[in-house]
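Take a look at the structure set out below.
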Amino acid sequence: MTDFERKIYQIIVNMHLYGKNPTMDDLKRKTGKSEEDIRAAVKSLIMKGEFKWDKQQKKWII
1 MTDFERKIYQ IIVNMHLYGK NPTMDDLKRK TGKSEEDIRA AVKSLIMKGE
51 FKWDKQQKKW II
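Residues 1 to 62 (the UniProt record's numbering) make up the sequence shown, in order.
Quick look at the structure:
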């Protein structure tokens, strides 16, 4: 896991603990990266099995 992937993972986990789902704007603001970079990191984390997206409930499964 790269540093950027770890940062994205930590943001999602921390917000999940408080019952929130981070929006793309939240992730852009907290990381300072572009949407393309964030999407690539999230896709990589999903492929590694770190977490997945529940489409019905619209929240992360960690």
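Heads up, the beta-carbon is just placed ideally off N, CA and C, and yes, glycines get one too.
If you drop the 5 nearest sequence neighbours on each side, which residues of the same chain put their C-beta closer than 8 Å to that of residue i?
i: residue 9; result: 1, 45, 50, 51
i: residue 16; result: 59, 60, 62
Please confirm whether residue i and residue j have their CB atoms less than 9 Å apart.
i: residue 33; j: residue 11; result: no
Less than 6 Å between C-beta atoms, sequence neighbours within five positions excluded: which residues of the same chain meet that for residue i?
i: residue 41; result: 4, 5, 8
i: residue 21; result: 59
Nearest-angstrom Cα distance between residue i and residue j?
i: residue 38; j: residue 56; result: 23 Å
i: residue 35; j: residue 23; result: 11 Å
i: residue 14; j: residue 48; result: 19 Å
i: residue 53; j: residue 26; result: 17 Å
i: residue 28; j: residue 43; result: 16 Å
Looking only at its own chain, which residues have a Cβ that is under 7 Å from the Cβ of residue i, when we skip the five neighbours before and after it?
i: residue 18; result: none
*Mind listing, in chain order, the continuous alpha helix (DSSP H) runs of no fewer than 4 residues lying wholly within the stretch 2 to 56?*
3 to 17, 24 to 31, 35 to 48
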